[in-house]
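J.: Chains as they are written, first to last, in my numbering: chain W, -7 to 281; chain G, -7 to 281; chain X, -7 to 281.
A single structure is presented below for examination.
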Amino acid sequence: MVKPWSGWRRSPTNNTASDRGSHPELRKVKMKRMAVMVAALSLIATSWAQGDDTKDGRKPMQTVNDSGMVAPALEKYAQGPLAELWKRPGLTPRDRSIVTISALIARNQTIEMPYYFNLALDNGVKPREISEIITHLAFYSGWANAMSAVAVAKEVFAERKIGADQLPPASPALLPLDEDAEVKRATAVEQQFGKVAPGIVHYTADVLFRDLWLRPDLAPRDRSLVTVSALIASGQVAQITYHLNRAMDNGLTQEQAGEVVTHLAFYAGWPNAFSALPVVKDVFEKRPH
Amino acid sequence: MVKPWSGWRRSPTNNTASDRGSHPELRKVKMKRMAVMVAALSLIATSWAQGDDTKDGRKPMQTVNDSGMVAPALEKYAQGPLAELWKRPGLTPRDRSIVTISALIARNQTIEMPYYFNLALDNGVKPREISEIITHLAFYSGWANAMSAVAVAKEVFAERKIGADQLPPASPALLPLDEDAEVKRATAVEQQFGKVAPGIVHYTADVLFRDLWLRPDLAPRDRSLVTVSALIASGQVAQITYHLNRAMDNGLTQEQAGEVVTHLAFYAGWPNAFSALPVVKDVFEKRPH
Amino acid sequence: MVKPWSGWRRSPTNNTASDRGSHPELRKVKMKRMAVMVAALSLIATSWAQGDDTKDGRKPMQTVNDSGMVAPALEKYAQGPLAELWKRPGLTPRDRSIVTISALIARNQTIEMPYYFNLALDNGVKPREISEIITHLAFYSGWANAMSAVAVAKEVFAERKIGADQLPPASPALLPLDEDAEVKRATAVEQQFGKVAPGIVHYTADVLFRDLWLRPDLAPRDRSLVTVSALIASGQVAQITYHLNRAMDNGLTQEQAGEVVTHLAFYAGWPNAFSALPVVKDVFEKRPH
């Protein structure tokens, strides 16, 4: 088997020289190697290369340079409804950025992260908040999702000279705990699942609700916004009721919650949004007015 | 920390020279850097490099060159049931290609896209139809999924010299709308969710059903096939009923729909297929005969 | 449009030379190209580069070198609860490795695979078992997921000099079939879905239960562990009941099953674990004691 990577180790100058007399088939193989690398890199480049053209806030969507060569309609939609979406009054651009990067991390869509991490910083999301969003989603979307996001955020932070002084400490003084509410929550979960999976009951209390949720560098309302966005974006319908109620207890308004669903229709697809709607409606109707 | 990428910027010739007296540990680090790039590229290479061996239509599956070094059984299954699948009479190779690339885009599996985009073109799916499939799934699978697909399709189109003249315009003359049916649909959704999330109700009418679905470069029946395939492939069971009915209204037969589920068992996994089956069965039974 | 890849073909030495007098904007473009490649590679590098620091079994988690520059808390959690998780008595490190790599393959999270494939081998999972896990998940997670895993495993195997002699044959002598049980299963599925999708009914019998499940190089209990882990990790709640019962018939204990859910809370996110819990509880309660 031809190793598709063996070419890149040699000096390109030598490469050109040695190609001169080579068999056409060999050249074809080399072209193919080329194409492979091009494909690999352009995947990432798509979003990355557009990073700093959009810091002015006037183009809060992927400018989709490439789409003209594949799907010209996408550019039309980007400049139309997608641009309009970010200006809708129900949710601030900062909130929309939190919703969007939560969806991308939850769905592990790394190639769009550089663009939207930069946009989030431009929209007023602090580096320490992005740091906490990633940490939070390590638990709500899975450890590997957070690791992927770390790899991207590291580059974005480095490019913007964001240093350790702008990051949250590993172990900060925690926010005060509502001990009664937590005991009530823990007791209910213990009764339901304590004999099924004692480990998760233990970690849910000790690591999540007595630690992660109390970290001060992301406001509880924003932490809830991250959680609800991740749940909707990854189709976790069964977990929305608890966390949307918690989000609204933490200050998310009904209008904002509805607008989160609208925003996620674009970033996580219409089906995820429509599967969430009946649950969101049910939560709205059952909450005390 | 060793920067895993610092090596590739230097000339490989210099690299070899400077390696000569270097500490074994350092060399190990450099080997590791190499391995990192190799891994990155070979991931993409797997499918890409096999692109043009299969244009004859006789090997309509991933030839899985690499699997012999990891899982020899996969090659056996590729040459057996997977090859057989593409020849089953219930669905044409063109339809199977539409189902497959819809599943890959919905699941964001970019590394298989080059191979299957090429196969789709070989099986008679037009470039303008691939363009519309990606545009359609920007809304039904999420914006980032479409952006990834664009990056891959761009390379495939370039390699096959597919230019702008073969792509659909951004704003074509739309197909005629069944105004009564659309008003009925919109009214039902407005009554259900108009107060929960007015934004999504608005965009569902204006962007999806009064625009996207009327774009002429993908037949309504094929657009439905794309939608249903994406729903099944991403486990969106709750949205299947509406769209499978719409697909069958648009001309998809019962035999074809059943064969879509069979096809997706291979490309989206048995669990997604089996979770779809009860809903598909229910739709079949409730439709007027 | 600037081609983001055109730089890498030239010798870096020439690059430096020709840069000297170039326009600042051009340099910026070149820096950007650099950044693109760095981002592409560091994504993969994150997990890969940490491979051999952890073969002693004392650090059975991602050491997350990079997280200090983005999310210092992640390193704390990695050294705390995540390290503790792998030492919990309910499940052996070997089983935890099987659960983890099944989750990564099911979720197509390639960038964490090199690290965890290596860890699995260190924890006593045989190369032939990893081979069978990938083959098994080609059907339970989808063909493309297996292809991605093959591309990563190939590199891991090559680095560890694991050759064809350590892999299972494509067509081994199969384990004996419980003909009565299989006929019963097949009949039930035929009655339910035989008219809806005859193809999937056919392949489920012939390819899965009369072939794949009988391959001898992964014990039925482990094959069930792989299946259940993949189902929970990808949110396939509706398919858990059948396969968890089968897993327990194959020897998975209740304590182990509960610990699988706990383990997957970390590797597939809390929501997937909590959505699985009611089903797991229900299976436990309904089984004969």
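Quick reminder that beta carbons are idealized off the backbone N, C-alpha and C, glycines included.
Just so we're clear, the structure is a prediction, and the values are computed from it rather than from any experiment.
Does the beta carbon of R19(X) come closer than 8 Å to any beta carbon on chain G?
T.: Any reading at R19(X) must be qualified, since the residue scores a pLDDT of 36, below 50, and its modelled position is unreliable; the value itself is stated next. Chain G contact via Cβ: absent.
J.: When the Cα atoms are used, what is the spatial distance from G243(X) to Y108(X)?
T.: If you take the alpha carbons of G243(X) and Y108(X), they lie about 25 Å apart.
J.: Can you find a CB in chain G that lies within less than 8 Å of the CB of F266(W)?
T.: By this cut-off, F266(W) is an interface position.
J.: Compute the Euclidean distance between the alpha carbons of L167(X) and L206(X), then round it to the nearest angstrom.
T.: About 5 Å.
J.: With a Cβ-Cβ cutoff of 8 Å, do A265(X) and V275(X) count as a contact?
T.: Not closer than 8 Å, so no.
J.: Going by CA-CA distance only, name the one from R238(G), K273(G), L66(G) that's closest to W135(X).
T.: Among R238(G), K273(G), L66(G), the Cα nearest to that of W135(X) belongs to L66(G).
J.: Evaluate A165(W) with the Cβ neighbour count: other Cβ atoms within 10 Å of its Cβ, from every protein chain shown; 16 or more gives buried, anything less gives exposed.
T.: Flag for A165(W) reads exposed.
J.: Select from the region 82 to 104 of chain G all residues with a C-beta closer than 9 Å to any C-beta belonging to chain X, and list them in chain order.
T.: Result list: G82, A95, L96, R99, N100, Q101, I103, E104.
J.: List, in order along the chain, the chain X residues whose C-beta lies closer than 9 Å to that of A143(G)?
T.: Ordered by position in chain X, no residue passes the 9 Å Cβ test against A143(G), which lies about 11 Å from the chain.
J.: With a threshold of 8 Å, are at least 3 pairs of Cβ atoms found where one atom belongs to the region 79 to 87 of chain G and the other to the region 145 to 164 of chain X?
T.: Touching, no.
J.: Starting from the N-terminal side, write out each stretch of the alpha helix (DSSP H) that is 4 residues or longer and does not extend beyond the region 166 to 244 of chain W.
T.: The qualifying runs are 171 to 185, 190 to 195, 212 to 225, 232 to 241.
J.: For G155(W), count neighbouring C-beta atoms within 10 Å of its own C-beta (all shown protein chains included) and say buried if the count is 16 or more, exposed if not.
T.: G155(W) comes out exposed.
J.: Taking 7 Å as the cut-off, is the beta-carbon of A70(W) closer than that to any non-hydrogen atom of the ligand SAH?
T.: This structure lacks the ligand SAH, and indeed carries no ligand of any kind.
J.: Since I believe W262(G) is in contact with F185(X) (beta carbons under 8 Å), could you give me their beta-carbon distance rounded to a whole number of angstroms?
T.: Actually they do not touch by this definition, with Cβ atoms about 12 Å apart.
J.: Are the CB atoms of L96(X) and E104(X) within a distance shorter than 8 Å?
T.: Cβ distance < 8 Å, so E104(X) and L96(X) count as in contact.
J.: Quick check on T92(G): does DSSP put it in helix, strand or coil?
T.: Correct three-state label for T92(G): helix.
J.: Below 8 Å, how does it come out for the region 232 to 247 of chain X and the region 215 to 222 of chain X: are there three or more Cβ pairs, yes or no?
T.: Counting Cβ pairs under 8 Å, three or more are found: they touch.
J.: Quick one: using the 10 Å Cβ neighbour count with 16 as the cut-off for buried, is V175(G) buried or exposed?
T.: Classification of V175(G): exposed, given that the 10 Å Cβ count is below 16.
J.: So does the region 183 to 203 of chain W actually touch the region 220 to 237 of chain W, counting three or more Cβ pairs closer than 8 Å?
T.: As far as the Cβ criterion goes, the region 183 to 203 of chain W does not touch the region 220 to 237 of chain W, which means the pair count is below three.
J.: Compare the C-beta of Y195(W) against all C-beta atoms of chain X and say whether one is closer than 8 Å.
T.: Yes, Y195(W) lies at the interface with chain X (some Cβ there is under 8 Å from its Cβ).
J.: Between the Cα of A225(W) and those of L200(W), S267(W), A173(W), P208(W), spot the shortest distance and give me the residue it belongs to.
T.: Nearest of L200(W), S267(W), A173(W), P208(W) to A225(W), Cα basis: S267(W).
J.: From the beta carbon of G261(X), is the nearest beta carbon of chain W less than 8 Å away?
T.: It does; some Cβ of chain W falls within 8 Å.
J.: Is T245(G) close to chain X, meaning its C-beta is less than 8 Å from at least one C-beta of that chain?
T.: Judged by the 8 Å Cβ criterion, T245(G) is not in contact with chain X.
J.: Determine whether the beta carbon atoms of L74(W) and F258(W) lie at a separation below 8 Å.
T.: Yes.
J.: Using a Cβ cut-off of 9 Å, pull out every chain X residue sitting near L200(W), in sequence order please.
T.: Result: W262.
J.: Compare the C-beta of T233(G) against all C-beta atoms of chain X and say whether one is closer than 8 Å.
T.: With 8 Å as the cut-off, T233(G) does not count as an interface residue toward chain X.
J.: Taking Cβ-Cβ distances shorter than 9 Å, what residues in chain G pair up with P160(X)?
T.: The contacting residues are A63, P64, A65.
J.: What does E251(G) reach in chain X if we use C-beta pairs closer than 8 Å?
T.: By Cβ distance, chain X contributes A189, G191.
J.: Can you tell me the Cβ-Cβ gap for P81(G) and R120(G), rounded? I've got them flagged as a contact below 8 Å.
T.: Rounded, the Cβ-Cβ distance is 27 Å, inconsistent with contact.
J.: Can you tell me whether A143(X) is buried or exposed, with buried defined as 16 or more other CB within 10 angstroms of its CB?
T.: With 16 or more Cβ atoms within 10 Å of its Cβ, A143(X) is classed as buried.
J.: What residues from the region 126 to 155 of chain W come within 8 Å of chain G, judged by C-beta to C-beta, listed N to C?
T.: Listed in sequence order: no entries.
J.: Residues of chain W with CB closer than 7 Å to the CB of G116(G), please, in chain order.
T.: Chain W residues near G116(G): none, gap ~19 Å exceeds 7 Å.
J.: List the residues of chain W whose Cβ lies closer than 7 Å to the Cβ of S123(G), in chain order.
T.: Neighbours of S123(G) on chain W, chain order: V62, A63.
J.: Considering only their Cβ atoms, is the gap separating S140(W) from N98(W) smaller than 8 Å?
T.: Looking at the sequence provided, one finds Ala at residue 98(W) rather than Asn. It is not a contact, given that the beta carbons lie outside the stated cut-off.
J.: Does any CB atom of chain G fall closer than 8 Å to the CB of P106(W)?
T.: With 8 Å as the cut-off, P106(W) does not count as an interface residue toward chain G.
J.: Say whether chain X places a C-beta atom closer than 8 Å to the C-beta of R80(G).
T.: Yes, R80(G) lies at the interface with chain X (some Cβ there is under 8 Å from its Cβ).
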